[in-house]
Amino acid sequence: MNLSGIVVICQPPKLSAVSKALSELPGVEVHFEDRDQGKIIVVQEALSIAAEMNGLRRIKALPGVVLADMMYHYFEDDPEILEGLTKSRGKQPMGESDVIPPLPIR
Amino acid sequence: MTVSRRNFLKAGIAASTASMAGLTLTPAALSAAQETEKEWQWDKGVCRFCGTGCGLMLATRNGRVVAQKGDVENSVNRGWQCVKGYFNAKIMYGQDRLTQPLMRMKDGKFHKEGNFIAVSWEQAFDEMERQFRRAYAEKGPEGVACFGSGQWTVQEGYAMNKLFKAGFRANMVDPNARNCMASAVAGFYSTFGTDEPAGNYMDIEHTDTMVLWGANMAEMHTVLWARVMNRRLANPNVRVVNLSTFRNMSSDGADLEIIFKPNSDLAILNYLAREVIARDAVNWDFVNKHTIFATGPYDIGYGLRADPEGKWTFPEEADVVAKELKVALDKHEAIGQRRQEGEVVEQNSRGNPGAHWSISFEDYKKALEPYTLEFVAEVAKGDDSESIEEFKRKLRELADLFVDQQRKVVSFWTMGINQHTRGTWANEQIYAVHLLLGKQSQPGNGAFSLTGQPSACGTAREVGTFAHRLPADRVIPNPAHRQYTEEQWKVPAKTISPKVGSFYAKIMRDLQDGSVKWAWVQVNNPWHTHPNANHWIAAARKSDNFIVVSEAYPGISAKVADLILPVAMIFEKYGAYGNAERRTQHWREMVPPPGNAKGDLWQVLEFSKRFTVGDFWGEQTVPGLKAAGYEDNKLPSVLADAEAMGYKPTDSLYKVLFATPDNMQYKWPDPVAKGGGNHTSEALGDGWFVEKALWQEYVPFGRGIGKDLADYDVYLRDDVRGLRWPVVDGKEGTWRFNEEYDPYVTKGAGFEFYGKLLKAIPSGDLDKVTNPEPVGLPGKAKIFFRPYSAPVEQPDENYNLWFSTGRVLEHWHSGTMTRRVPELHRSVPAAVLWIHPDDARERGLQRNDLVWLESRRGKVQIRVETGGRNTMPKGTVYAPFFDEGVFINKVCIDSACPISKESDYKKCAVKVYKA
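Chains as they are written, first to last, in this note's numbering: chain C, 1105 to 1210; chain H, 3 to 917.
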């Protein structure tokens, strides 16, 4: 699971509409709003990380959104990292390496 | 994970993000943020990727990074990160991370044609040493080389530089930064006499006009671009101009977009300079007090390997390579250089392309005379669908913005200008326009050369890890600079060879012709990123050389290697980077490296233990030393002097160069570590804090000459987020050369360009030197005239499209790291070829079709893209180079700026046809 803290900036008059649209996106929770600055803070939860990236793209595409970017990223339980850790953290066995693919030559 | 735990984390992350974004929070929300983060250990870090130098905060638990956020305390990015930066921690956790030395073996021993077998460090260093000794014995100091990096930490670069230049007595180390900003360096040296920008990132908030010269900041310097956009949105008067050879993401945020033909930036810059004079907008007070005018030869070649016998050239590329020695001027060059069209010009100044001399203002004005609006519009208009009148209007508007007395102007550039067969010239021309207007070295006014790599400035440039450089603006050919360096390093006089070593491309060529037989690669991927790659891969795989590649992941260079050494990555080691605004930022080792991986610095030091001063400090055979006043072919023995200094021939290089009595005073552990580990010091096991000691050894080089760095512990303080040099009296630098801000400027001078290099030059007219007597020009900058020059290879009937390459936002360089981050890989999995829909249609192609992209040098298969983030003008195609499955550098030409030796990745001729 990946959690990301995202700042969404919109034109202040459109804040309510943007905030509503955000809260309707799957996996997205609106936590804070600043009406004067036109800022909305959401936390996005995504199972896979691809979903997380697509989610950010969805947010950026909402009408009224000027800017949206992740500022915070939590990935302690990310399954892909855990898999990477198990594969690479143990010492590689002595013997022929299977990680070096062939060389592209003309 | 339980629901309550998840909600707890979310509340904390939300509150922390809100606080970073400048929202006012209730005490309850604030304490939620603190509660969540309490179980993690937080430390400051700096981004691994581009030259912006964004600050990060990393959270670790149980020996690994578990969370990351932008650092709001860091003035560079104020908490913001781009999508690449966001995944700094994840690049360490790819599944194919290398964690054990791998060597090509057959029958239990090294074999060039063997398969990669995991070996111990001991076995790895044994073979590496054996091969090194063989190459050195056969070829001397110039038979070994190192491909270094602008991604080296300061200490890593410093150690390798010292090992080669003082230990091996070979100036055969050159960084990939050569292909990134060598033209910027050459421009700084020739114009100001000292390297690196005068301004800083605060210029963005001070200026009202920002001009992008072939720099797609929206994708390549995203966080700076966010600052640019903030500035523009908040101030209706602000104007942003994007000059490019195709429409890119930066155009979306620009008020004015100018699409020009490859190399015609040279003409546009001359139009601007001409216009400044024609409109009587020269700031004469500034120009008279602080500048002189200068020019140099035009017949300087194209940085290709001259090869009249066709020994090193594919038959298909021979026609282009022939131009290296002789070229017929085209119509536009002839006008711009005041010559006749078709005139054949022998490239006679190839041997000294950077020579230059002062000229009068009248000559300067005369040289600019051909660059009228009509002429430049004809040369430069890069989009067929635009009318010439519209293009002229845009050029006029650009000139209006520059000359407007009320406007401050900042020019930004990176690879479009630097990776250019006339890159040094283009850099000088941008300075020329700013200097003529007096819009330089003031808040919001200045030409600002950005960088592409995280420590291109800090390591490659400041430490001087180029084949011609020594730390802090010192250069190999200058005897006083060598002497100073030898004294600082406590090595005998004449240890350092007076001969400039091989630049990056030359090391490739040396491997090709067999003059280099042993090479070590650190923190870069030369066989992926150097253009015209088919030649270099074949050369590296020749039977009698030995290639060592220190790598984290198996990229193309690892596959080329004979020995792969697994490295520690960014937060697995102590380090420091220097960014584009001269900000030096240090970080601690936060997590241990995996398996048997070890940092590049440890590898250098461990390797140095295998050699003694006696191995190198006797007489060595080095050809071509006569010019430096040495006996030809002889680099003298310094062993007698060494013994007088207390060294024995049997002393190891490790002891003499690194673990010196001075350095051993910096003990490990050190309170600055806050209890954390340091695998470098611990693996060496002799109790010194390597990174701190080397930093302290290095900093005196820049002190008192305008390049002052602070002591080590200052940078590690919690309240410091890097410091811009010069750090004088505890205060960091702001705007260089300006009396108001720069303590190095003489009181009362106003401005002073106090750099010392290339500051005595002969004088002459536009064509030649007329008085060879050098005249000093202390405190002054040079305004150069440089003419339009056509690209060495241009589209013809066969190869009928322009091709350009570069990065995409999501990937870093050759993708070795970013392609390990699944989300970055998925968002841009493979390189695509951006092409104009008409060009596609004419070739019977549709979006997503697989095509061959072919040049004289090689071909690759790639899919076609007619939409998306880039919009190509007809006749020009673009593909990024990150994807090793689409090996773009087989296609690119290896022409380069002959002064800086930086390759031109931005223009060559290709054809595209269905695969």
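Even for Gly, the Cβ is constructed at its ideal location relative to N, Cα and C.
Beta carbon of residue i nearer than 7 Å to that of residue j
i, j, result
"Thr807/H", "Ala881/H", "yes"
"Arg612/H", "Glu131/H", "yes"
"Thr155/H", "Lys782/H", "no"
"Ala458/H", "Cys899/H", "no"
"Ile566/H", "Leu104/H", "yes"
"Pro780/H", "Pro764/H", "no"
"Val525/H", "Gln153/H", "yes"
"Ala917/H", "Leu852/H", "yes"
"Val834/H", "Ser857/H", "no"
"Gly81/H", "Met1175/C", "yes"
"His208/H", "Thr54/H", "no"
"Met174/H", "Ser504/H", "yes"
"Trp44/H", "Met22/H", "no"
"Pro143/H", "Val606/H", "no"
"Trp571/H", "Met219/H", "It is worth fixing the name first, because residue 571/H is Met in this sequence and not Trp. No; because the gap between Cβ atoms is not below 7 Å, this pair is not in contact."
"Val593/H", "Arg66/H", "yes"
Supposed close pair residue i, residue j - CB separation, criterion 8 Å
i, j, result
"Val1134/C", "Val1169/C", "In fact, because the Cβ distance is near 13 Å, the residues do not count as touching under 8 Å."
"Ile890/H", "Val862/H", "6 Å"
"Leu271/H", "Ala428/H", "7 Å"
"Pro299/H", "Ser351/H", "4 Å"
"His838/H", "Pro875/H", "6 Å"
"Lys694/H", "Tyr668/H", "5 Å"
"Lys86/H", "Glu886/H", "Not confirmed; about 18 Å, so no contact."
"Gly557/H", "Thr101/H", "Incorrect: roughly 16 Å between the Cβ atoms, too far for contact."
"Phe414/H", "Ala217/H", "5 Å"
"Val347/H", "Asp301/H", "5 Å"
"Ser902/H", "Pro533/H", "About 15 Å separates the two Cβ atoms, so there is no contact after all."
Chain-ordered neighbours of residue i on chain H, where CB pairs are closer than 9 Å
i, result
"Leu1143/C", "The sequence given here places Lys at residue 1143/C; Leu does not occur at that position. The contacting residues are Ala20, Ala23, Gly24 and Leu25."
"Lys1119/C", "Per the sequence shown, the amino acid found at residue 1119/C is Leu instead of Lys. Those do not exist, as Leu1119/C stays about 13 Å from chain H at its closest Cβ, beyond 9 Å."
Cross-chain neighbours of residue i in chain H, by beta carbon under 8 Å
i, result
"Gly1159/C", "The premise fails here: Gly1159/C is roughly 11 Å from chain H at the closest Cβ pair, so nothing lies under 8 Å."
"Val1147/C", "Lys12, Ile15, Ala16 and Thr19"
Chain-ordered chain H contacts of residue i [CB-CB under 7 Å]
i, result
"Glu1133/C", "Lys12"
"Val1122/C", "Going along chain H, no residue has its Cβ under 7 Å from Val1122/C, so there is no contact; the nearest lies around 15 Å."
"Asp1138/C", "Leu25"
"Glu1187/C", "Gln97"
"Phe1107/C", "Looking at the sequence itself, residue 1107/C is Leu, so the reference to Phe does not match. The answer, in chain order, is Leu11, Lys12 and Ile15."
Interface partners of residue i on chain C, CB under 8 Å
i, result
"Lys733/H", "Near Lys733/H there are no residues of chain C at all, since even the closest Cβ is about 30 Å away, more than 8 Å."
"Tyr88/H", "Met1174 and His1177"
Chain-ordered chain C contacts of residue i [CB-CB under 9 Å]
i, result
"Arg63/H", "Glu1180"
request  = Could you run through the segment 194-206 of chain H and flag, in chain order, every residue whose CB is less than 7 Å away from some CB of chain C?
outcome  = none
query = So, do the segment 195-206 of chain H and the segment 437-454 of chain H have three or more beta carbon pairs nearer to each other than 8 Å?
reply = yes
ask   = Given 8 Å as the limit, is there contact between the segment 165-184 of chain H and the segment 607-619 of chain H, that is, 3 or more CB pairs closer than that?
value = yes
query = Touch check for the segment 488-496 of chain H and the segment 118-126 of chain H: three-plus C-beta pairs under 8 Å?
reply = no
query = Taking any Cβ of chain H, which residues in the segment 1169-1180 of chain C have a Cβ under 9 Å from it, in chain order?
reply = Val1170, Leu1171, Asp1173, Met1174, Met1175, Tyr1176, His1177, Tyr1178, Phe1179 and Glu1180
inquiry  = When you compare the segment 573-591 of chain H with the segment 44-51 of chain H, are there three or more beta-carbon pairs, one atom per stretch, that lie closer than 8 Å?
reply    = yes
ask   = Looking at C-beta atoms only, is the number of pairs between the segment 463-483 of chain H and the segment 703-717 of chain H that lie closer than 8 Å three or more?
value = yes
message = Contact between the segment 267-281 of chain H and the segment 404-413 of chain H is defined here as three or more beta-carbon pairs at a separation below 8 Å; is this criterion met?
response = yes
ask   = For the 8 Å Cβ check, are there 3 or more pairs between the segment 238-245 of chain H and the segment 207-218 of chain H?
value = yes
ask   = Got a sec: which bits of the segment 66-82 of chain H sit with their beta carbon under 8 Å from any beta carbon on chain C, in order along the chain?
value = Arg66, Val68, Ala69, Gln70, Lys71, Gly72, Gly81 and Trp82
inquiry  = Measuring CB atoms only, is the segment 1106-1114 of chain C touching the segment 1130-1148 of chain C, in the sense that at least three cross pairs come out at less than 8 Å?
reply    = yes
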